[in-house]
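K.L.:
I have a structure here, written as structure tokens, and I will follow up with some questions on it.
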Amino acid sequence: MGTIYKDPRNNHIYKVDEKKINSSLSKVGVPYFGSEEAITIDVPEKHLKLENPVRFNVNQSLKERINELEQTIIQLKSESFSDESKQPLRSNESDVKKTPTKFDEIIKLMEGRERFETDREAFEIEPKGRLVLYSKKAE
């Protein structure tokens with residue numbers, strides 16, 4: 004109690020006091036303007052809170068993921084159309100009723116293949132027809 008500390012970030016000096024908050028005692032830093040020498044707190048940089056942290060935007064991440072899947076579909080389509088023996092894929096009447104997901108399109112375009120790899124991931128079709136996505140580790 005009554006100890007005087009110097010904040011490492013902004014060099015302000017605080018005195019630690021006890022205050023009663025909601026029927027309990029808490030230690031609180033109160034600005035100190037006296038002449039006593041302050042103890043400098045040595046806190047590693049990794050423990051200091053960022054002043055204006057960049058917040059993670061989930062919607063942006065989802066949009067990027069959708070764009071990546073669309074690029075995978077484009078890549079698979081270009082590979083399937085480049086082969087002269089293959090016919091362009093046509094949709095069935097059942098496909099018209101239901102809007103296919105990106106993963107459905109990838110499964111459809113992977114006909115005849117068990118595995119397809121991109122820079123970041125690998126797609127594999129299991130015997131039951133399920134699509135499995137493997138992420139590659141960053142090097």
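Taking the numbering used here, I'd label the letters of the sequence shown as residues 4 to 142.
Don't be surprised by glycine CBs; every beta carbon is placed ideally from N, CA and C.
Pull up the DSSP beta-bridge partners for Tyr-137, would you.
P.N.:
For the purposes of this step, residue 137 is identified with residue 134 of the sequence shown, where counting begins at 1. Paired residue(s): Ala-125.
K.L.:
Can you tell me whether Arg-116 is helix, strand or coil according to DSSP?
P.N.:
For the purposes of this step, residue 116 is taken as the residue at position 113 of the sequence shown. Coil at Arg-116, not helix or strand.
K.L.:
Check each candidate in Glu-67, Asp-107, Leu-65, Ser-64 and name the one with the smallest Cα separation from Leu-79.
P.N.:
For the purposes of this step, residue 79 is taken as residue 76 along the sequence shown, with counting starting at 1. For the residues Glu-67, Asp-107, Leu-65, Ser-64, the minimum Cα distance to Leu-79 belongs to Asp-107.
K.L.:
Taking only the alpha-carbon atoms, compute the straight-line gap between Asp-11 and Ile-44 and give it to the nearest angstrom.
P.N.:
Counted from its first residue, the sequence shown places residue 11 at position 8. Counted from its first residue, the sequence shown places residue 44 at position 41. Here residue 11 turns out to be Pro, not Asp, going by the sequence shown. Rounded to whole angstroms, Pro-11 to Ile-44 spans 6 Å at the Cα level.
K.L.:
Which residue marks the beginning of the beta strand (DSSP E) containing Asp-20, and which one marks its end?
P.N.:
As a working mapping, residue 20 is identified with position 17 in the sequence shown. Start and end: 16 to 24.
K.L.:
Cα separation between Arg-68 and Pro-47?
P.N.:
Walking along the sequence shown from the start, residue 68 turns up at place 65. Walking along the sequence shown from the start, residue 47 turns up at place 44. Near 35 Å, if we compare the C-alpha coordinates of Pro-47 and Arg-68.
K.L.:
Since Ala-125 and Lys-139 should fall inside the 8 Å C-beta cutoff, what is the C-beta to C-beta distance between them, to a whole number of angstroms?
P.N.:
Indexing the sequence shown from 1 puts residue 125 at position 122. Indexing the sequence shown from 1 puts residue 139 at position 136. Yes, they are in contact, since the Cβ atoms of Ala-125 and Lys-139 sit about 7 Å apart, within 8 Å.
K.L.:
Restricting to Cα atoms, I'd like to know which of Ile-77, Lys-9, Thr-75, Lys-23 is closest to Phe-36.
P.N.:
Position 33 of the sequence shown, counted from the start, is the residue given in the question as residue 36. Answer by Cα proximity: Lys-9.
K.L.:
Taking the straight line between their C-alpha atoms, what separation do you get for Val-61 and Phe-119?
P.N.:
On the sequence shown, position 58 is the one that residue 61 refers to. On the sequence shown, position 116 is the one that residue 119 refers to. Roughly 27 Å separates the two Cα atoms.
K.L.:
How far does the beta strand (DSSP E) with Val-31 in it reach, from first residue to last?
P.N.:
The residue given as residue 31 occupies position 28 in the sequence shown. Looking at the DSSP string, the run of the beta strand (DSSP E) that includes Val-31 is 27 to 34.
K.L.:
Determine the closest residue to Ser-38 out of Tyr-137, Glu-73, Ile-16, with distance taken between C-alpha atoms.
P.N.:
Walking along the sequence shown from the start, residue 38 turns up at place 35. Considering only alpha carbons, the answer is Ile-16.
K.L.:
Using CA atoms only, rank isn't needed, just tell me which of Arg-116, Glu-40, Ser-26 is closest to Lys-18.
P.N.:
Taking the first residue of the sequence shown as position 1, residue 18 is located at position 15. Nearest C-alpha to Lys-18: Glu-40.
K.L.:
Where DSSP assigns a beta bridge to Lys-66, which residues make up the other side?
P.N.:
In the sequence shown, counting from the first residue as 1, residue 66 sits at position 63. Paired residues: none, contrary to the question.
K.L.:
Provide the residue span of the beta strand (DSSP E) that contains Ile-7, from first to last.
P.N.:
The residue you call residue 7 lines up with position 4 of the sequence shown. From DSSP, the beta strand (DSSP E) with Ile-7 extends over 7 to 9.
K.L.:
With C-beta atoms as the reference, is Glu-127 less than 8 Å away from Glu-114?
P.N.:
As a first step, residue 127 is located in the sequence shown; it is residue number 124 there, counting from the start. As a first step, residue 114 is located in the sequence shown; it is residue number 111 there, counting from the start. No, they are not a contact pair.
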